[in-house]
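Residue 39 in the UniProt record's numbering is what sits at position 39 of the sequence shown, and the numbering runs on without skipping anything. Here a beta-carbon is modelled for each residue, glycine too, at the ideal position from N, C-alpha and C. Everything numeric in this text was worked out from a predicted model, so none of it was measured. Written out below as structure tokens is the structure these notes cover.
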Amino acid sequence: MDQPVQLIGPDGTATAESRYRRDLPPETLVWLYENLVVTRDLDAEFVNLQRQGELALYASCRGQEAAQIGAAACLRKTDWLFPQFRELGVLMVRGIAPAQLAALWRGSWHGGLDFTSKCCAPVAIPIATNALHAVGAAMAAQRLGEDSLTVAFIGDGATSEGDSHEAMNMASVEKAPCVFYIQNNQWAISVPASRQYAAPTIAHRAIGYGMPGIRVDGNDILACYAVMAEAAERARAGDGPTLIEAVTYRMEPHTTSDDATRYRTAAELAEWSARDPITRYRRYLRDIGVLTERVEHRVEARSVRLRAELRDSVVGAPDPDVDELFDHVYAEITPELSAQRAQLRAELA
Ligand SMILES: Cc1ncc(C[n+]2csc(CCOP(=O)(O)OP(=O)(O)O)c2C)c(N)n1
Ligand SMILES: [Mg+2]
């Protein structure tokens, strides 16, 4: 349980791990690569847009792309995803438009509509609440006799919330078709993972809940894919939930409002840079002859196009109507809010 499952080492060569080895076709291997690159580039664009005052805030997923894309890529489109707030990679695999996510970080009242049409719950800022939602949805699927499963994407910090405990315990008792996918990115804002658990690993918690717990190298996309695929099979077969701890690292500050230099060292960053998930996978694909220059150019071109589309969607968006601030707070507006709305309108006029 302590040693994370790893199929590709940091130098890009295949490890001796055999239990989780899967022979994915070259198209799938390339598709995974494409998602990694596009996610990283879009993530950088989100940060730029925030810096330019177009977004209120952004939480970068840089460093965690493999953990997110590997896990999301092996699921069916009807499996429900319950993201925390750092899951750009998951949303990209699910086909959610970056512009939808931008609406959320821009602070639109609707928080980026239409996630649910893709079987993806809206982003959950209140930590670990999404774990409960995932279990509830899994139990609903179970009762409806559907063969879909749900995935709760939570962080190392989220595992310290009571909601996580309630969710994992109930899921296991109910044998709910749910996977708890915990990205241990070593930090919860400025609190290190060492302050979140006294157990040897987060995966060990599964023992107490009576479900399988597995650690995976979260910077190894093929390992994340394989481990999630197995957990999904279990859930679909009616064998209940699995806890997966993906060991990874948050390369950027917590959000664009955070200064990570105040609590972590350059040496730590350098250590994790050397385990970069994209560099590693690119080396691997080149070594096995799957990644050609032509493919790399195509991926690059798509990435440039998507970045431009994201930028256009944000920069070209009309300023929101200030009335939106007051809509949807109550079914009928209160006299206090009505007075405030009148005051704001008058000031703007
Ligand atoms: C219930 C709740 N408490 C506190 C916060 C403030 N908060 C935002 S992110 C965060 C840390 C989350 O850490 P982790 O789960 O490891 O996710 P990461 O940010 O590392 O992806 C906290 C405490 C919150 N959003 N919700
Ligand atoms: Mg964390």
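inquiry  = Assuming I214 is part of the beta strand (DSSP E), what are its boundary residues?
reply    = As a first step, residue 214 is located in the sequence shown; it is residue number 214 there, counting from the start. From DSSP, the beta strand (DSSP E) with I214 extends over G213 to D217.
key: Enclosing beta strand (DSSP E) for F180 [first to last residue]   = Indexing the sequence shown from 1 puts residue 180 at position 180. Run containing F180: C178 to N184, per the beta strand (DSSP E) assignment.
message = If you reduce the DSSP assignment to three classes, tell me which class I69 lands in.
response = Counting from 1 along the sequence shown, the entry for residue 69 is found at position 69. Assigned with DSSP and collapsed to three states, I69 falls in helix.
message = Quick check: what's the CA-CA separation for A232 versus L149?
response = For the purposes of this step, residue 232 is identified with residue 232 of the sequence shown, where counting begins at 1. For the purposes of this step, residue 149 is identified with residue 149 of the sequence shown, where counting begins at 1. Their Cα atoms are separated by approximately 7 Å.
request  = Using the Cα positions of A158 and A188, report the straight-line distance between them to the nearest angstrom.
outcome  = Along the sequence shown, read from residue 1 onward, the residue named residue 158 stands at position 158. Along the sequence shown, read from residue 1 onward, the residue named residue 188 stands at position 188. Spanning the two alpha carbons is a distance of roughly 8 Å.
query = Can you find at least 3 beta carbon pairs, one from the segment 1 to 15 and one from the segment 207 to 216, that sit closer than 8 Å?
reply = Because the criterion of three Cβ pairs below 8 Å is met, the segment 1 to 15 and the segment 207 to 216 touch.
ask   = Is P192 helix, strand or coil when you go by DSSP?
value = In the sequence shown, counting from the first residue as 1, residue 192 sits at position 192. In the structure shown, the three-state DSSP call for P192 is strand.
ask   = Skipping 5 residues on each side, what residues in its chain have a beta carbon closer than 8 Å to that of D79?
value = As a working note, residue 79 is residue 79 in the sequence shown. If the five residues before and after D79 are omitted, its C-beta is found closer than 8 Å to the C-beta atoms of C119, S148, L149, T150, V151 and A232, all from its own chain and listed in chain order.
inquiry  = Shorter than 8 Å, the distance from the beta carbon of G12 to the closest heavy atom of ligand 3, or not?
reply    = Ligand 3 is absent from the structure shown, which contains only ligand 1 and ligand 2.
inquiry  = Following a CB-centred definition, is A193 positioned closer than 8 Å to any heavy atom of ligand 2?
reply    = Position 193 of the sequence shown, counting from 1, holds the residue named residue 193. For A193, the shortest separation between its Cβ and any heavy atom of ligand 2 lies below 8 Å.
request  = Assign R86 to buried or exposed, taking buried as 16 or more other Cβ atoms, counted over all protein chains shown, within 10 Å of its Cβ.
outcome  = As a position in the sequence shown, residue 86 is number 86, starting the count at 1. By the neighbour-count criterion, in which 16 or more other beta carbons inside 10 Å mark a residue as buried, R86 falls on the buried side.
inquiry  = Do G63 and W272 count as a contact pair if the criterion is CB distance below 9 Å?
reply    = Indexing the sequence shown from 1 puts residue 272 at position 272. Indexing the sequence shown from 1 puts residue 63 at position 63. Yes, the Cβ-Cβ distance between W272 and G63 is below 9 Å.
key: Closest Cα partner of V315 within the set A171, G53 and P10   = Here residue 315 refers to the residue found at position 315 of the sequence shown. Closest by alpha carbon: G53.
request  = Quickly, what does DSSP pair I8 with across the bridge? List them, please.
outcome  = Here residue 8 refers to the residue found at position 8 of the sequence shown. DSSP output for I8 lists A14 as bridge partner(s).
inquiry  = Taking the straight line between their C-alpha atoms, what separation do you get for residue 359 and T256?
reply    = An answer regarding residue 359 cannot be provided, because it is not within the stretch 1 to 349 covered by the chain.
ask   = What are the partner residues of A346, as DSSP defines its beta bridges?
value = Within the sequence shown, the letter at position 346 stands for residue 346. The beta-bridge partner set that DSSP reports for A346 is empty.
ask   = Can you pull every residue whose C-beta falls closer than 6 Å to some heavy atom of ligand 2, listed in chain order?
value = This selection yields G155, D156, G157, N185, W187 and A188.
query = According to the neighbour-count rule (16 or more other Cβ atoms, all chains shown, within 10 Å of its Cβ), is residue 363 buried or exposed?
reply = This structure cannot settle anything about residue 363, because the visible part of the chain is limited to 1 through 349.
9 Å Cβ cutoff met for R341 and G12 = Taking the first residue of the sequence shown as position 1, residue 341 is located at position 341. Taking the first residue of the sequence shown as position 1, residue 12 is located at position 12. In this structure, the beta-carbon distance from R341 to G12 does not fall below 9 Å.
ask   = Do V179 and T242 have their CB atoms nearer than 9 Å?
value = Walking along the sequence shown from the start, residue 179 turns up at place 179. Walking along the sequence shown from the start, residue 242 turns up at place 242. Contact flag set, yes.
ask   = Is the CB-CB distance between S345 and D323 below 9 Å?
value = Residue mapping note: residue 345 aligns to position 345 of the sequence shown, counting from 1. Residue mapping note: residue 323 aligns to position 323 of the sequence shown, counting from 1. Note that residue 345 is Arg in the sequence shown here, rather than Ser. Yes.
ask   = Alpha carbon to alpha carbon, what distance is there between D43 and P126?
value = Locating residue 126 in the sequence shown gives position 126, where the first residue counts as 1. Locating residue 43 in the sequence shown gives position 43, where the first residue counts as 1. Each residue's alpha carbon lies about 22 Å from the other.
key: Same chain only: Cβ atoms within 8 Å of D239, ignoring 5 sequence neighbours per side   = As a working mapping, residue 239 is identified with position 239 in the sequence shown. Excluding five sequence positions before and after D239, the CB atoms of its chain that fall closer than 8 Å to its own CB belong to K175, given in chain order.
request  = Mind the definition here: the segment 128 to 146 touches the segment 92 to 102 only if three or more C-beta pairs lie below 8 Å; say whether that holds.
outcome  = Contact check between the segment 128 to 146 and the segment 92 to 102: fewer than three CB pairs, one atom from each, fall below 8 Å, which does not count as touching.
key: Same chain only: Cβ atoms within 7 Å of P10, ignoring 5 sequence neighbours per side   = On the sequence shown, position 10 is the one that residue 10 refers to. Same-chain partners within the cutoff: A274, R275 and R280.
ask   = What first and last residue would you give for the alpha helix (DSSP H) that runs through E252?
value = Locating residue 252 in the sequence shown gives position 252, where the first residue counts as 1. No alpha helix (DSSP H) holds E252; DSSP gives it neither H nor E.
query = For the alpha helix (DSSP H) that T129 lies in, which residues bound it at each end?
reply = By 1-based counting over the sequence shown, the position of residue 129 is 129. Judged by DSSP secondary structure, T129 falls within the alpha helix (DSSP H) whose first and last residues are T129 to L144.
task = Please look up how many angstroms separate the CB atoms of residue 408 and V93, rounded, as I've assumed it's under 8 Å.
result = Here the chain comprises residues numbered 1 to 349, so residue 408 is not present and cannot be evaluated.
heavy atom of ligand 1 below 8 Å from residue 363 C-beta = This structure leaves residue 363 out entirely; the chain is present only between 1 and 349.
message = In the DSSP output, which residue or residues are listed as bridge partners for W272?
response = The count along the sequence shown starts at 1 and reaches residue 272 at position 272. Within the DSSP bridge table, the entry for W272 names no partner.
task = Can you give me the Cβ contacts of A199 inside the same chain, cut-off strictly under 7 Å, excluding the 5 residues immediately before and after it?
result = Within the sequence shown, residue 199 is the residue found at index 199, counting from 1. The answer, listed in chain order, is R205.
inquiry  = Give me, in chain order, the residues of the same chain whose beta-carbon lies closer than 8 Å to that of Y225; leave out the 5 immediate sequence neighbours on both sides.
reply    = The count along the sequence shown starts at 1 and reaches residue 225 at position 225. These residues qualify, in order along the chain: R22, L24, L32, G70, A71, A73 and C74.
ask   = Which residues in the same chain have their Cβ closer than 7 Å to the Cβ of L348, if we skip the five residues on either side of it in sequence?
value = In the sequence shown, the residue the question calls residue 348 occupies position 348. Cβ neighbours of L348 beyond the five flanking positions: V322.
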